[in-house]
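FYI, in the working numbering the residues of the sequence shown are 364 to 558. Quick reminder that beta carbons are idealized off the backbone N, C-alpha and C, glycines included.
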Amino acid sequence: MLAKCLIAMLSRSRFWPWIGVLFLLFGSLQVFAQQSDNVSEYKLKAAFIYNFSQFIEWPESAFSAPDAPFQICVVGDDPFGEILKPIQKRKYHTHPIEISYPKTVSEAGSCRILYLDTQNKASQWRDIVKNLGDAPVLTVTSNIDAMDSGFCIGFVSLEGKTRWNMNLAAARKAQLKISAKLIEIAVMIVGEASR
């Protein structure tokens, strides 16, 4: 009986537009929630990327002058948009931070931190770590095989939280000295001092 009443009520033409509006509203809210989760994820990753610079020491030879820029670079797809811009107001010691988007591997060699969201989407960057050699560049990615690909830091999601794995051999090859504090809170460490 109740089902017949509901069907009769819904069959009246004035209810159908409201049902359509409700579906559109809930669908839009779901898309908005997904987009805001994505923005939150990249805000967090941007904060981590900046904070990595506070716990890592680059060799003096990485800078041409005491006030040479400290470049944080994004290659391939840029998931950050405007999120990284406020970091440009900060410094790494005496070096003003600049955000760059290199187009070639040789341009990427002047980066001090290089972020690649996923290698699969940017085939020209697939061998970036190998091509950088021992350049003093902290390579960071969200790619699932970061440690196998030779990246220094790979973001991972653990219990819904963004964390990171570290490849100490890759960092050593890049002439970087990583603070024990940063190593201590990594989820997984490969290379020296593995756990």
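How would you write the range of the beta strand (DSSP E) that residue i sits in, first residue to last?
i, result
"Val-519", "516–521"
"Glu-461", "458–463"
"Lys-524", "524–530"
"Leu-447", "Run containing Leu-447: none; DSSP gives neither H nor E here."
"Ile-476", "476–479"
"Gln-434", "433–438"
"Leu-501", "501–504"
Residue i lies in the alpha helix (DSSP H); which residues open and close that run?
i, result
"Asn-494", "491–495"
"Val-468", "468–471"
"Ile-546", "543–547"
"Ala-509", "509–512"
Residues in the same chain with beta-carbon distance under 7 Å from residue i, minus the five sequence neighbours each way, listed in chain order, please.
i, result
"Ile-412", "Ile-435, Ile-476, Tyr-478 and Val-503"
"Ala-549", "Trp-527, Asn-528 and Met-529"
Out of the options, which one is the CA nearest neighbour of residue i?
i, options, result
"Ala-537", "Phe-443, Ile-450, Ser-403 and Gly-496", "Gly-496"
"Glu-547", "Met-529, Leu-539, Ala-534 and Gly-554", "Met-529"
"Val-438", "Glu-470, Pro-432, Phe-518 and Glu-423", "Glu-470"
"Arg-535", "Arg-526, Gly-444 and Gly-554", "Gly-554"
"Asp-490", "Ala-509, Arg-526, Glu-423 and Met-551", "Ala-509"
"Tyr-405", "Ala-428, Glu-423 and Lys-448", "Lys-448"
"Ala-409", "Phe-443, Phe-426, Gly-523 and Ser-427", "Phe-443"
"Ser-403", "Glu-445, Ser-424 and Ala-428", "Glu-445"
"Ile-516", "Ala-428, Phe-426 and Ile-507", "Ile-507"
Leaving out five residues before and five after residue i in sequence, what residues of the same chain have Cβ atoms less than 6 Å from its Cβ?
i, result
"Pro-380", "Note on Pro-380: pLDDT 42, under 50, position unreliable in the model; the coordinate value appears next. So the list is empty, once near-sequence residues are dropped."
"Leu-388", "Annotation note: pLDDT 31 at Leu-388 (below 50); position unreliable, coordinate value reported separately. If we look at Leu-388 and ignore the five residues flanking it on each side, it has no Cβ neighbours."
"Arg-453", "Ile-460"
"Leu-545", "Phe-418"
"Glu-420", "Lys-540"
"Ala-543", "none"
"Phe-433", "Tyr-455, His-458, Ile-460 and Arg-475"
Near residue i, what residues of its chain come up, given a Cβ to Cβ distance below 8 Å and the 5 sequence neighbours on each side ignored?
i, result
"Asp-430", "Thr-457, His-458 and Pro-459"
"Val-492", "Thr-502, Ser-512, Gly-513, Phe-514 and Ala-533"
"Gly-472", "Leu-495, Ala-498 and Val-500"
"Leu-521", "Val-550"
"Ile-370", "Here Ile-370 scores only 48 on pLDDT, less than 50, and its place in the model is too uncertain to base an answer on."
"Gln-451", "Pro-459, Ile-460, Glu-461 and Ile-462"
"Tyr-464", "Cys-436, Val-437, Val-438 and Asp-441"
"Thr-481", "Gly-439, Asp-440, Thr-504, Ser-505 and Asn-506"
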